[in-house]
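Q: Quick one: this structure, given as structure tokens, is what I'll be asking you about.
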Amino acid sequence: MNKYSKEITMADQYVNDIFDELSMFISQDGIQDDEKIWAANHVDDPQLKEIIAHLSTTDIKVMVQLAWDDSYHAKQLPSLTGVSQATVSRVLTKLEKYDVAYKYRDTKNNKEVLVRLTDKGRELAVVHTKLDQALLKQAQEVMQKYSRDDLAKFVSMLHDIRQIRAK
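If you count by the UniProt record's numbering, then the sequence shown holds residues 1 to 167, one letter each, in order.
Dropping the structure here:
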């Protein structure tokens with residue numbers, strides 16, 4: 001084996017290591033992931049704990065977006081969340097089922113559907129915001145050992161990998 005072959009093998013190993021790490025990161029995003037366990041441990045209401053257990057990451061993503069304003073037109077949510085219209089529709093139905101959000105007709109245009117969080121939804125969004133803050137603090141601690149240039153290269157590499165995967 002020549003030097004070039006060895007370099008390719010090492011590069012292949014890095015690619016495999018990166019994909020393994022990304023796969024493990026993504027697999028943390030399950031029904032009983034650490035984030036949901038954290039959130040459930042930070043609410044006292046047993047009903048909210050039960051709701052958390054049934055929400056997916058996508059459900060939470062839409063719920064948190066809804067917390068940014070009093071209400072949203074349902075058709076705005078796909079572009080704001082990066083989630084398809086069909087998925088947003090399923091998520092909103094689920095959020096209504098658990099009394100986290102509700103849909104209603106726009107009084108100015110009956111064809112338009114608006115969505116608003118309930119008090120339960122707002123409480124869950126606050127808990128998730130606290131979780132995001134805790135995760136951000138931990139991530140900042142990890143990132144302190146890397147230069148800005150290293151971090152910029154890492155973000156660029158992840159973007160490039162995502163583009164490969166999307167093709």
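Here a beta-carbon is modelled for each residue, glycine too, at the ideal position from N, C-alpha and C.
Use the C-beta contact count for Lys-121: other C-beta atoms within 10 angstroms, 16 or more gives buried, fewer gives exposed.
A: For the sequence presented, residue 121 should be read as Gly rather than Lys. Flag for Gly-121 reads buried.
Q: If you run the structure through DSSP and keep just helix, strand and coil, what is His-159?
A: In this structure, His-159 counts as helix in the three-state DSSP scheme.
Q: Just grab the DSSP bridge partners of Tyr-104 for me.
A: Partner(s): Leu-114.
Q: Are at least three pairs of beta-carbons, each pair with one atom in the region 80-94 and one in the region 136-145, less than 8 Å apart?
A: These segments do not touch.
Q: Helix, strand or coil: which one does DSSP assign to His-128?
A: The answer is helix: DSSP assigns His-128 an H, G or I state.
Q: Report the residue from Leu-124, Ala-74 and Leu-22 whose alpha carbon sits nearest the alpha carbon of Arg-162.
A: The residue with the shortest Cα to Cα distance from Arg-162 is Leu-22.
Q: Report the residue ranges of all alpha helix (DSSP H) runs contained in full by the region 67-103; include only those spanning at least 4 residues, in chain order.
A: Correct list: 77-81 and 85-97.
Q: Check the C-beta distance from Ala-125 over to Met-24 and give it rounded, since I have them as a contact under 8 Å.
A: At roughly 27 Å, the Cβ-Cβ gap does not stay under 8 Å, so Ala-125 and Met-24 are not in contact.
Q: I need the DSSP call for Lys-145, collapsed to helix, strand or coil.
A: Coil.
Q: Is DSSP giving Leu-55 helix, strand or coil here?
A: In this structure, Leu-55 counts as coil in the three-state DSSP scheme.
Q: Using the rule of at least 16 other Cβ atoms within 10 Å of the residue's Cβ for burial, across every protein chain shown, is Leu-95 buried or exposed?
A: Leu-95 should be labelled buried.
Q: Whose CA, out of Lys-103, Ser-79 and His-128, lies closest to the CA of Arg-116?
A: Ranking Lys-103, Ser-79 and His-128 by Cα distance to Arg-116 puts Lys-103 first.
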